[in-house]
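A short write-up of the structure that comes next.
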Amino acid sequence: MKAAVARCQAAILPGVTSPAHAILRDVFGYHEFRGQQHAAIERAMAGQDSLVLMPTGGGKSVCYQVPALLGEGTTLVVSPLIALMQDQVSALHELGVEAAFLNSSLTWEAQQTIIGLARHGDLKLLYIAPERLVQPATRDWLREVPLSLIAIDEAHCVSQWGHDFRQDYLALNQLRDWFPGVPRMALTATATALTRADIIERLALTDPAVLVSGFDRPNIRYQVQPKTDARSQLARFLEPHRGAAGIVYCLSRKKTASIAEWLNTQGYAALPYHAGLAAADRAAHQRRFVTEDGLIIVATIAFGMGIDKPDVRFVAHLDLPKSLEAYYQETGRAGRDGEPAEAWMIYGLQDVVRLRQMADESVASEEYKRHESQKLDALLGWCEVTGCRRRPLLAYFGEKLAEDCGNCDNCLNPPAVRDGTVEAQMLLSAVYRTGQLFGAAHVVDVLTGKSTAKTRDNGHESLRVFGVGADTPAAMWRSIVRQLVVQGYLRADPARYGGLVLTDKARAVLKDAATVELRSDPLVPKKARGKTKADAAGVPDEIAITDIQLWDALRECRLRLAKEHDVPPYVIFHDATLRQMVHDKPADETALLAISGVGQAKLDRYGAEFLEVIRAEG
Ligand code: ADP
Ligand code: ZN
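First residue of the sequence shown? That's 1387 in my numbering, and the numbers climb one at a time after it.
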């Protein structure tokens, strides 16, 4: 029967171009390689080193999993993330591949069994934590394993410029000496030029091919808004996403707890996640997020590394991340399945002051601080851009976008720009006249002529600028402050608790020697988002109303099988695969095999059950 299916498959899937391609189709059920996957595989098969740069969700694992299945011997995968190892190994088992992982979560006996299998060459893939690999005892028995490739996942962990430096990675520069002749493939989603060079040097890769692809995530819609009232802005953003899974990022632990609690009162299922929670709670919350449908995790940045959940529909930032790169990483956890997803962020002046303060107070070297400060500036500049957001985002990673994306707030709803020189002059002189000692709130009070204890006590009501901007709403003034900060006319000085200070650039404006361009529409929070992508039950809007029953039935079938096999639902089939089933309504195994995500092993294992559901409901 297997042979028959294989024949059918060859018939309906013509154009298999290489043995690697055949593995991709037969084992993984994917029709085409993505980006530089094929190049990376060829490189490994030729016994040469490479550095593979692909964003989160780009498909890095295929780059070493296909060579692992193509060749003789065992592929060693170095991975720092225990949760990810487990998920990857269960996913491989689902595909019928011999794979195992070794880390501290296993009992001694279990570890011995796996070491035995490895020594006999019975594993196609062996995942190992770096701290284990660097132990001399491990290397001793690993020398007996017929290694064909060493994949170093999350390779940016070796770089101090990265956000996740790990000491144990430094020792990996000795892999070439430990296992001579075994090609190495370093993989990461972190691709700035600096990190890239650092990885190659510190891992001592030999003449590596640098393969960059797929940083664009066209299905993610980027939206950035000034922070006015975080909770109601969040509520408005979330409303169309009821029933969908998502992550809300905050800067502080306390805030994650209070936002999660509040979301629960608003009828959402939300859980907090931060480094201060007990380890058991963290693990439980993470597990629930991965296995349940439609849960919201409210997290500090401690959450996310190692989360391989494809159907995260949104990532919301209530506070600014540390850098554009961190932002890209964090938002990259949305929409890994390629379905529409949203990256939504609100930010305000307080974030900027706080992040600058954190950087200034850290004990790091001046060079490091300057580096951090430049990264923050790049992020702020990006927040206030008036053109397509995706272009500058990709440019940061060295990838070019041919045209505007059409899927970011600025593309969909171009912010008007206008000559803001006169307002800038008013504001800058208000800052100057009040002695460059006060924060945005007070300066705006002075401009709008609002009488407060502070304006009275400081004698600011007799200043010429007092009330000079009364015709413009205070919220607009706050936005102008923000834009002038971002454009470098003003600095919020942490040493003065965020007091605004003029820069040299500002003096030219005050002297009428330079003009200032401002967004005309920046601050008033938008009433409604653009198109809604998912309805209350999390049904993708491309699914016709008549098919919703089938969609639900397929998901129910998937959930039942997931429970039986003790794996997350997406390990069975991704949403995209189910969606195509709804669309194509395959009637037999041949038709089912033609669907992306259905390979031979999954067909054998689950095909009959899904076909039955389609027959009954379709
Ligand atoms: P990364 O490690 O780069 O974050 P993964 O290797 O986990 O990404 O892959 C992300 C998703 O894309 C997975 O669900 C994977 O099965 C899928 N995928 C990878 N390569 C392909 C391909 N060529 N065609 C279709 N889907 C793919
Ligand atoms: Zn755009």
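C-beta: ideal position from N, C-alpha, C; glycine also.
- Inter-segment contact for the segment 1427 to 1440 and the segment 1570 to 1580 is present: three or more beta-carbon pairs are separated by less than 8 angstroms.
- Per DSSP, the continuous beta strand (DSSP E) segment holding Asp1805 begins and ends at Val1803 to Asp1805.
- In this structure, DSSP gives Ala1856 a state outside helix and strand, which the three-state scheme calls coil.
- Linking Ala1894 to Val1808 through their CA atoms gives a straight-line distance of about 13 angstroms.
- In the assembly as shown, Ala1973 is an exposed residue. Its beta-carbon has fewer than 16 other beta-carbons within 10 Å.
- In the displayed model, Gly1885 falls within a strand according to three-state DSSP.
- If you check the CB distance, Gly1680 and Ala1727 do not come in under 7 angstroms.
- Taking 7 angstroms as the cut-off, the Cβ atoms of Lys1510 and Glu1484 count as close.
- Three or more Cβ pairs closer than 8 angstroms define a contact, and the segment 1421 to 1433 falls short of that threshold against the segment 1492 to 1503.
- Annotation for Cys1794 indicates a beta carbon within 6 angstroms of some heavy atom of ligand 2.
- With fewer than 16 other Cβ atoms inside 10 Å of its own Cβ, His1506 counts as exposed.
- One thing to note: Ile1606 has its Cβ no nearer than 7 angstroms to the Cβ of Ile1683.
- The beta-bridge partner set that DSSP reports for Tyr1875 is empty.
- Residue pairing by DSSP places Trp1730 opposite Gln1609 and Ala1702 in a beta bridge.
- With contacts defined by Cβ atoms closer than 7 angstroms, Ala1720 and Val1698 form a contacting pair.
- Non-local beta-carbon contacts of Leu1591 in its own chain, meaning distances under 7 angstroms to residues more than five positions away in sequence, involve Asp1435, Leu1437, Arg1570 and Ala1572 in chain order.
- About 6 angstroms separates the Cβ atoms of Leu1787 and Arg1776, confirming a contact at the 8 angstroms cut-off.
- In chain order, Leu1624, Arg1628 and Ile1682 place their CB closer than 8 angstroms to the CB of Tyr1654, counting only its own chain and leaving out the 5 sequence neighbours on each side.
- For Arg1570, DSSP records a beta bridge to Ile1536.
- Under the three-state reduction of DSSP, Cys1794 is assigned to strand.
- In the three-state scheme derived from DSSP, where H, G and I count as helix and E and B as strand, Ala1557 is classed as helix.
- Here the C-alpha atom of Val1749 lies approximately 22 angstroms from the C-alpha atom of Leu1706.
- Within the segment 1625 to 1698, the complete alpha helix (DSSP H) segments at least 4 residues long are 1639 to 1651 and 1665 to 1677, listed from N- to C-terminus.
- For His1703, the CB contacts under 6 angstroms within the same chain, skipping 5 residues up- and downstream, are Tyr1635 and Met1731 in chain order.
- Less than 7 angstroms divides the Cβ of Asp1554 from the Cβ of Glu1517.
- The segment 1965 to 2004 is shown to contain whole alpha helix (DSSP H) runs of 4 or more residues at 1975 to 1979 and 1986 to 2003, in chain order.
- Closer than 6 angstroms to some heavy atom of ligand 2: that does not describe the Cβ of Arg1603.
- The three-state reading of DSSP puts Val1902 in coil, since its state is none of H, G, I, E or B.
- With at least 16 other beta carbons inside 10 angstroms of its own, Glu1725 counts as buried.
- A contact is defined here as three or more CB-CB pairs under 8 angstroms, and the segment 1852 to 1859 meets this definition with respect to the segment 1827 to 1844.
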